[in-house]
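Chemist: Last residue of the sequence shown: number 151 in the UniProt record's numbering, and the count goes up by one each step with no gaps. All C-beta atoms, glycine included, are put in the ideal place defined by N, C-alpha and C.
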Amino acid sequence: MARSKAQAQTSQPREHRRLAARLDKAKASPGWTQKRSDDGLRWRPGFKAWQEIKHYQKTTELLIQKVQFQRVVRELCQRVQEDRQRLDEGEEAREIVPVRFESQALLALQEAAEAYLVGLFEDANLCAVHAKRVTVMPKDIQLSRRIRSSD
Numbered sequence: 001m002a003r004s005k006a007q008a009q010t011s012q013p014r015e016h017r018r019l020a021a022r023l024d025k026a027k028a029s030p031g032w033t034q035k036r037s038d039d040g041l042r043w044r045p046g047f048k049a050w051q052e053i054k055h056y057q058k059t060t061e062l063l064i065q066k067v068q069f070q071r072v073v074r075e076l077c078q079r080v081q082e083d084r085q086r087l088d089e090g091e092e093a094r095e096i097v098p099v100r101f102e103s104q105a106l107l108a109l110q111e112a113a114e115a116y117l118v119g120l121f122e123d124a125n126l127c128a129v130h131a132k133r134v135t136v137m138p139k140d141i142q143l144s145r146r147i148r149s150s151d
């Protein structure tokens, strides 16, 4: 059998292979569009926000971190005690004692606060949609609070 010369094969650098794999994966997703950018990949405007909305609608986890919520609650309790002490100036002075909370009580407070905020933003979103907007503005939140207070 006669010998034949082998064709030279061109190889791509590792980075190009990775980019090609990412492109193939991205093309399969519904929010993908290709525009000129550094790596050739780019999401459509609003798609990432849509993904986050879907993620947070599926999960049941708390949105505010527990330590920060605990810090806010303790600060509010301290302010209430200081205000109470100022009102009771005529009587004998009482020292400010730090308020103690059970962990389940703080968790219940946080659940209730987050449920209130989520409901408020749902109503504010309805107000924004009614005004033919997609962005929730402070006036939407004020209107939804005002409508709620009439109940």
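(1) With 16 other CB atoms within 10 Å as the buried threshold, where does Ser4 fall?
(2) Between the C-alpha atoms of Val80 and Glu95, what's the straight-line distance to the nearest angstrom?
(3) On a Cα-Cα basis, can you pick out the residue from Ala105, Glu111, Val99 and Glu92 that is closest to Leu62?
(4) Would you kindly work out how many angstroms separate the C-alpha atoms of Ile141 and Arg17, rounded to a whole number?
(5) Our contact map puts Leu106 next to Val73 with C-beta atoms below 8 Å; I'd like the distance itself, whole angstroms only.
(6) According to DSSP, simplified to helix, strand and coil, what is Arg71?
(7) Quick check on Arg14: does DSSP put it in helix, strand or coil?
(8) Please classify Ala124 as buried or exposed, where buried requires at least 16 neighbouring CB atoms within 10 angstroms.
(9) How would you write the range of the alpha helix (DSSP H) that residue 190 sits in, first residue to last?
(10) Taking the alpha helix (DSSP H) that Ile53 falls in, what are its first and last residues?
(11) Quick test of your reading: Phe121 and Val136, contact by CB under 8 Å. State the CB separation rounded to the nearest angstrom.
(12) Given that a residue counts as buried once 16 or more other Cβ atoms are within 10 Å of its Cβ, and exposed if not, what is Ala21?
Modeler: The structure says:
(1) exposed
(2) 13 Å
(3) The shortest C-alpha to C-alpha distance from Leu62 to any of Ala105, Glu111, Val99 and Glu92 is the one to Glu111.
(4) Near 49 Å, if we compare the C-alpha coordinates of Arg17 and Ile141.
(5) 6 Å
(6) helix
(7) helix
(8) buried
(9) What is shown of the chain runs 1 to 151, which leaves residue 190 out entirely.
(10) Phe47 to Lys58
(11) 7 Å
(12) exposed
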